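A.B. asks:
Number of protein chains: 2
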Amino acid sequence: MFQLDYRDRRPLYEQIKEKIKALIIRGVLKPDDRLPSVREMAQSLTINPNTIQKSYKDLETEGFIYSVRAKGNFVQALSPAMNQARREELVLELEKLAAEFVYLSVPVEQLVAVIHAVYKKKEG
Amino acid sequence: MFQLDYRDRRPLYEQIKEKIKALIIRGVLKPDDRLPSVREMAQSLTINPNTIQKSYKDLETEGFIYSVRAKGNFVQALSPAMNQARREELVLELEKLAAEFVYLSVPVEQLVAVIHAVYKKKEG
DNA sequence: CCCTCTGTATTAAGCGTGGTAGTACAGTTA
DNA sequence: TAACTGTACTACCACGCTTAATACAGAGGG
Chain L
442 MFQLDYRDRR PLYEQIKEKI KALIIRGVLK PDDRLPSVRE MAQSLTINPN
492 TIQKSYKDLE TEGFIYSVRA KGNFVQALSP AMNQARREEL VLELEKLAAE
542 FVYLSVPVEQ LVAVIHAVYK KKEG
Chain D
442 MFQLDYRDRR PLYEQIKEKI KALIIRGVLK PDDRLPSVRE MAQSLTINPN
492 TIQKSYKDLE TEGFIYSVRA KGNFVQALSP AMNQARREEL VLELEKLAAE
542 FVYLSVPVEQ LVAVIHAVYK KKEG
């Protein structure tokens with residue numbers, strides 16, 4: 442499904458969360474798709490099941506997945522309330538990022554171009 | 442100069458780095474401005490000088506400040522080489538961010554508006 | 001019904017990092 | 001000389017990350 446980077450200093454469970462989030466955001470994993478079981482994922486990454494479980498539990502708390510006893514973990518469909526909060530966070534991040542682009546004298550057109558490229562790719 | 446947030450789970454030295462970076466990026470601190478000494482800053486934040494030194498050393502490694510024996514730490518002027526690397530990092534971050542905006546069905550116009558606002562604020 | 005799979009919980013241990021504390025040295029400047 | 005700067009080092013404690021081993025509860029298949 443993906444690989445870990447042991448040179449990355451962040452905790453493994455953080456990396457795992459991020460990778461799964463990315464798969465969901467990119468649309469590779471769609472609502473109600475089942476994730477690999479805790480034990481499967483642990484074996485395929487050669488790490489401890491507890492670490493996977495921590496990732497899954499966090500993702501559940503953040504609203505990205507839901508879990509069903511004895512069945513597995515599944516991708517959560519979008520909920521409007523969750524979205525609103527997340528949007529606001531993202532806008533703040535975007536502002537920070539933009540401020541640093543200003544600092545580095547990157548022309549605004551370049552930023553806009555990058556964004557449009559991402560949006561086009563998604564539609565096409 | 443600024444305050445720490447002890448509810449923030451990130452290391453103190455990370456928070457300090459970020460705050461100082463923000464001051465530099467916003468232009469509050471300008472090239473060759475002197476930062477508070479390690480001991481001063483430590484006292485004003487009521488933390489250990491070693492923690493401040495770690496922040497400063499990291500910022501030096503990242504090219505944001507330079508230090509002079511027995512004189513202090515100062516804001517580094519921009520270097521083109523450093524900028525290029527940083528720009529590329531930022532573009533990657535921007536793409537990630539944009540992808541999540543797409544996922545949340547935020548119209549591209551809204552992103553562009555946020556960015557223009559930041560740029561206008563900087564010029565004005 | 002039993003077996004096997006699922007998620008979940010608990011406890012213990014090892015290890016690295018974050019942060020504090022104390023001390024020391026080297027260089028600048030008044 | 002005295003007081004300030006940055007820098008370095010050691011020791012210590014607390015906490016988080018990760019592994020390990022075990023156990024229990026519910027679903028589904030033979």
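So the protein lines, in turn, are chains L and D. Residue numbers for the first sequence, in the numbering used here: 442 to 565. Residue numbers for the second sequence, in the numbering used here: 442 to 565. No residue lacks a Cβ here, since even glycine has one placed at the ideal position from N, Cα and C. This one's a predicted model, so the numbers in the text were calculated from it and none came from an experiment.
Which ranges does the alpha helix (DSSP H) cover as unbroken runs of at least 4 residues, wholly within the region 512-562 of chain D, from first to last along the chain?
C.D. replies: 521-544
A.B. asks: Less than 9 angstroms between the C-beta atoms of R528/D and V547/L, yes or no?
C.D. replies: yes
A.B. asks: In chain D, what lies closer than 9 angstroms to Y454/L by C-beta?
C.D. replies: Result: empty, since nearest Cβ-Cβ is about 14 angstroms, beyond 9 angstroms.
A.B. asks: Measure the beta-carbon distance from L552/L to I556/D and round it to whole angstroms, keeping in mind my assumption that it falls under 8 angstroms.
C.D. replies: With 8 angstroms as the limit, L552/L and I556/D qualify as a contact, their Cβ atoms being about 6 angstroms apart.
A.B. asks: Find the residues of chain D that neighbour L535/L, judging by a C-beta separation of less than 9 angstroms, and give them in chain order.
C.D. replies: L535, L538, A539, F542, L552, V555, I556, V559, listed in chain order.
A.B. asks: Can you list, in chain order, the residues of its chain whose CB lies under 7 angstroms from that of G504/D, leaving out five sequence neighbours each side?
C.D. replies: Q517, S520, M523
A.B. asks: Would you be able to state if there are at least three C-beta pairs under 8 angstroms between the region 483-496 of chain D and the region 507-514 of chain D?
C.D. replies: Flag = no, the region 507-514 of chain D and the region 483-496 of chain D do not touch.
A.B. asks: Indicate whether at least one CB of chain L lies closer than 9 angstroms to the CB of L531/D.
C.D. replies: yes
A.B. asks: Would Y560/L and V549/D qualify as a contact pair, given that the criterion is a beta-carbon distance under 9 angstroms?
C.D. replies: Taking 9 angstroms as the Cβ cut-off, Y560/L and V549/D qualify as a contacting pair.
A.B. asks: Indicate whether L453/D and I461/D have their beta-carbon atoms separated by less than 9 angstroms.
C.D. replies: no
A.B. asks: Could you work out which residues of chain D lie near V549/L, taking near to mean beta carbons separated by less than 7 angstroms?
C.D. replies: What V549/L touches in chain D: I556, H557, Y560.
A.B. asks: Hey, is K563/L's beta-carbon within less than 9 angstroms of any beta-carbon in chain D?
C.D. replies: With 9 angstroms as the cut-off, K563/L counts as an interface residue toward chain D.
A.B. asks: Between the alpha carbons of A539/D and A526/D, how many angstroms are there, rounded?
C.D. replies: 20 angstroms
A.B. asks: What does R467/D reach in chain L if we use C-beta pairs closer than 9 angstroms?
C.D. replies: A540, Y544
A.B. asks: What does the alpha-carbon distance come out to for the pair Y622/D and R448/L?
C.D. replies: The structure shown does not extend to residue 622/D, since chain D is modelled only from 442 to 565, so the question has no answer here.
A.B. asks: Taking only the alpha-carbon atoms, compute the straight-line gap between A463/D and P477/D and give it to the nearest angstrom.
C.D. replies: 16 angstroms
A.B. asks: Consult DSSP for Y507/D and reduce its assignment to one of helix, strand or coil.
C.D. replies: Strand.
A.B. asks: Along the alpha helix (DSSP H) that carries S496/D, what are the first and last residues, could you check?
C.D. replies: 490-502
A.B. asks: Can you list, in chain order, the residues of the region 517-530 of chain L whose Cβ is nearer than 8 angstroms to any Cβ on chain D?
C.D. replies: L519, N524, R527, R528
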